[in-house]
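In structure tokens:
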């Protein structure tokens, strides 16, 4: 394949934060350089790797002219993505994870959708691959959602959230860079699962979005990923604070955009859903001191009121009231 990557005609910039990417990195890079899109740049942001991933990245950059590597001290995935955004030259950007696998036609498919319908965002389906069992499951089953026509961003987000299978992840889509720059849609430094508020605000600003049910991305589930590590004690307390912060950010986004876009019930429900994950973590936490700390965070952060303000539907209200009683009783018990 002959790649044409002058700054005037780059259709897509793939921005890859890389920190100790490990054994999967070569497989990931092979799937990336195998893309059939021929107007494409790859920006690898080495976020202070210490496992030799930077040397592997240099090997690929030396071999393929459309790959460049920049280096920074370890600052987390958000700062790495933001650094990539600052130098990206494509009309669209995407953010694959360095330990996953991409179908060779993924980016050609999504960019063709963008060009056909002048999209701000194009998204595809993906699959979870469970490393231990080797089981594979679609992220959004087709009995929940099939390919769409062009939708505005808020309506697409409503539709996706209503499936109860949607993941707020950046790696299933391509995003118009001009839209990101115009609205200053950068990632929140230091926040785990920063994809959740970022994708929400992108959709609040997107006017033309389309989804294909075609599975074009394989997401690997393994113990090394941040979201799948088991935490107890104070590590769990610190981790749950990220979800409390996310719930607050989503609540603030709903308020900020209420006069600009329609705030559907699904957006409110998502706020309470994210906060309820923290409530569930209390029951799983074996350390009473950590339980007490998480409950205290829920109360002192105002999350209780945020959940009450955003709960929608009888099922979620029942879950919320049940959990509030459990937290009240447990708080008295641990006092």
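Residue numbers (the UniProt record's numbering): 1 to 335. From the three backbone atoms N, C-alpha and C, an ideal C-beta is built for every residue, glycine too.
Using DSSP with H/G/I as helix, E/B as strand and the rest coil, what is residue i?
| i | result |
| --- | --- |
| residue 94 | strand |
| residue 164 | coil |
| residue 384 | With the chain covering only 1 through 335, there is no way to say anything about residue 384. |
| residue 101 | strand |
| residue 254 | helix |
| residue 5 | Its pLDDT being 46, under 50, residue 5 is placed unreliably in this model, and the coordinates cannot settle the point. |
| residue 232 | coil |
| residue 76 | coil |
| residue 39 | coil |
| residue 173 | strand |
| residue 116 | helix |
| residue 159 | helix |
| residue 214 | strand |
| residue 390 | Any question about residue 390 goes unanswered here, given that the chain covers just 1 to 335. |
| residue 84 | helix |
| residue 111 | helix |
| residue 245 | helix |
| residue 143 | coil |
| residue 259 | coil |
| residue 34 | coil |
| residue 335 | coil |
| residue 316 | helix |
| residue 10 | coil |
Which residues does DSSP list as the beta-bridge partners of residue i?
| i | result |
| --- | --- |
| residue 219 | 128 |
| residue 52 | In DSSP, residue 52 forms no bridge with anything. |
| residue 136 | 129 |
| residue 25 | DSSP lists no partner for residue 25. |
| residue 151 | 209 |
| residue 237 | Paired residue(s): none; residue 237 is not in a bridge. |
| residue 15 | 43 |
| residue 265 | In DSSP, residue 265 forms no bridge with anything. |
| residue 123 | 173, 211 |
I'd like to check one pair, residue j with residue i: are the Cβ atoms closer than 8 Å?
| i | j | result |
| --- | --- | --- |
| residue 43 | residue 68 | yes |
| residue 266 | residue 158 | yes |
| residue 277 | residue 243 | yes |
| residue 204 | residue 81 | no |
| residue 124 | residue 92 | no |
| residue 163 | residue 140 | yes |
| residue 211 | residue 148 | yes |
| residue 234 | residue 272 | no |
| residue 128 | residue 219 | yes |
| residue 190 | residue 76 | yes |
| residue 102 | residue 217 | yes |
| residue 344 | residue 29 | Examination of residue 344 is not possible in this model, given that the chain is present from 1 through 335 alone. |
| residue 177 | residue 90 | yes |
| residue 151 | residue 209 | yes |
| residue 122 | residue 174 | yes |
| residue 236 | residue 290 | yes |
| residue 286 | residue 232 | yes |
| residue 198 | residue 179 | no |
| residue 70 | residue 41 | no |
| residue 215 | residue 131 | no |
| residue 240 | residue 195 | no |
So, at 7 Å on beta carbons, what are the nonlocal neighbours of residue i in its own chain, with the 5 sequence-adjacent residues on each side left out?
| i | result |
| --- | --- |
| residue 268 | 254, 310, 312 |
| residue 95 | 15, 81, 170, 171 |
| residue 51 | 20, 22 |
| residue 207 | 120, 152, 153 |
| residue 56 | 25, 26 |
| residue 88 | 13, 15, 43, 177 |
| residue 74 | 19, 47, 48 |
So, for residue i: in the same chain, excluding its five sequence neighbours on each side, which residues have a beta-carbon less than 6 Å away from its beta-carbon?
| i | result |
| --- | --- |
| residue 166 | 160 |
| residue 257 | 204 |
| residue 274 | 243, 246, 247 |
| residue 327 | 295 |
| residue 105 | 36 |
| residue 259 | none |
| residue 323 | 279 |
Could you tell me whether the Cβ of residue i comes closer than 8 Å to any Cβ of chain B?
| i | result |
| --- | --- |
| residue 178 | In the structure shown, chain B does not exist; there is a single protein chain. |
Between residue i and the rest of its own chain, which residues show a CB-CB distance below 8 Å, the 5 nearest in sequence each way excluded?
| i | result |
| --- | --- |
| residue 248 | 301, 302, 303, 306 |
| residue 334 | 288, 291, 292, 295 |
Runs of beta strand (DSSP E) wholly within the stretch 271-313 (minimum 3 residues, chain order)
Counting only runs of 3 or more, we get nothing.
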